[in-house]
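Enquirer: Structure incoming, see below.
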Amino acid sequence: MQFPVIITGIGIFLLLGIFGMVRQQWRAQKRKRFKKTQAEENLRIVRENRYQAKKICNANERAAYTAACAVIWKRQRKERVFVQVSLGEIIMHPHGRVHAAINSKRVDLLVTDEQFNALIAIEIDGSGHHLTNYSHINDEGKTLALRSAGIPLLRVSARQDNHEDIKRQVRKGLEQFFAKRVNGEFMK
Numbered sequence: 001m002q003f004p005v006i007i008t009g010i011g012i013f014l015l016l017g018i019f020g021m022v023r024q025q026w027r028a029q030k031r032k033r034f035k036k037t038q039a040e041e042n043l044r045i046v047r048e049n050r051y052q053a054k055k056i057c058n059a060n061e062r063a064a065y066t067a068a069c070a071v072i073w074k075r076q077r078k079e080r081v082f083v084q085v086s087l088g089e090i091i092m093h094p095h096g097r098v099h100a101a102i103n104s105k106r107v108d109l110l111v112t113d114e115q116f117n118a119l120i121a122i123e124i125d126g127s128g129h130h131l132t133n134y135s136h137i138n139d140e141g142k143t144l145a146l147r148s149a150g151i152p153l154l155r156v157s158a159r160q161d162n163h164e165d166i167k168r169q170v171r172k173g174l175e176q177f178f179a180k181r182v183n184g185e186f187m188k
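This is the structure:
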């Protein structure tokens, strides 16, 4: 009497195993088809539309860039200032999904050393910064990711879009950063 129950159990186990393998193969094929289809769809969209060139940064970011460059030039060192840098280019995580969470986020400015190692990131919070309900969540994610990678973040409040005030905040923040770095307070 035990024999039919055992055979039934083995049969169910085998059927579930086969179903799992078939399902896994089906999902893999679907993912492959989607990637190809998505790439083809993107290409179709690009082919059928015209794009326009635009400035790489807005007026507030240009004011901050000018101030950051002035601090660097005054120091007569080999640091560099970059605009609109993707976090995926300056920090990484070995797990794809974790890396994808920050990959497309950007910092407004990035100061690097002569070897292109990130020293400090700068974010300009302008008048349009908090227009969405999610901006504070994006800000926190960016801050946490940079902090975990050991890259300080200088946030500049530009609520009035006052370019002289932006320049002053950037100069002051960078001068303090470099002073602390020389004193060993900001060493990675």
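Per the UniProt record's numbering, residue 1 is the first one in the sequence shown, and the count goes up by one each step. Cβ coordinates follow ideal geometry from the N, Cα and C atoms, glycine included.
Roughly how many whole angstroms lie between the Cα atoms of L153 and N60?
Expert: Indexing the sequence shown from 1 puts residue 153 at position 153. Indexing the sequence shown from 1 puts residue 60 at position 60. For L153 and N60, the distance between alpha carbons rounds to 17 angstroms.
Enquirer: Between the segment 58-78 and the segment 163-175, do three or more beta carbon pairs fall short of 8 angstroms?
Expert: yes
Enquirer: Among V81, T132, D139, which one has its Cα closest to the Cα of L174?
Expert: Your numbering for residue 174 matches position 174 in the sequence shown. The candidate whose alpha carbon is nearest that of L174 is V81.
Enquirer: Tell me which residue opens and which closes the alpha helix (DSSP H) that A70 is part of.
Expert: Locating residue 70 in the sequence shown gives position 70, where the first residue counts as 1. First-last of the alpha helix (DSSP H) with A70: 59-75.
Enquirer: Give the straight-line distance between the Cα atoms of F13 and H99, rounded to the nearest whole angstrom.
Expert: The sequence position of residue 13 within the sequence shown is 13, counting from 1. The sequence position of residue 99 within the sequence shown is 99, counting from 1. Distance between the alpha carbons of F13 and H99 is about 37 angstroms.
Enquirer: To the nearest angstrom, how far is it from the Cα of I151 to the Cα of T132?
Expert: Residue 151 sits at position 151 when you count from the first residue of the sequence shown. Residue 132 sits at position 132 when you count from the first residue of the sequence shown. Each residue's alpha carbon lies about 26 angstroms from the other.
Enquirer: Quick one: what's F82 bridged to in DSSP?
Expert: Numbered from its first residue, the sequence shown carries residue 82 at position 82. DSSP output for F82 lists L110 as bridge partner(s).
Enquirer: Unbroken beta strand (DSSP E) runs of length 3 or more, entirely within the segment 117-167: which are they?
Expert: 118-126, 153-158, all fully within the segment 117-167.
Enquirer: Tell me whether the beta-carbon of S104 lies closer than 8 angstroms to the beta-carbon of G126.
Expert: Counting from 1 along the sequence shown, the entry for residue 104 is found at position 104. Counting from 1 along the sequence shown, the entry for residue 126 is found at position 126. Contact flag unset, no.
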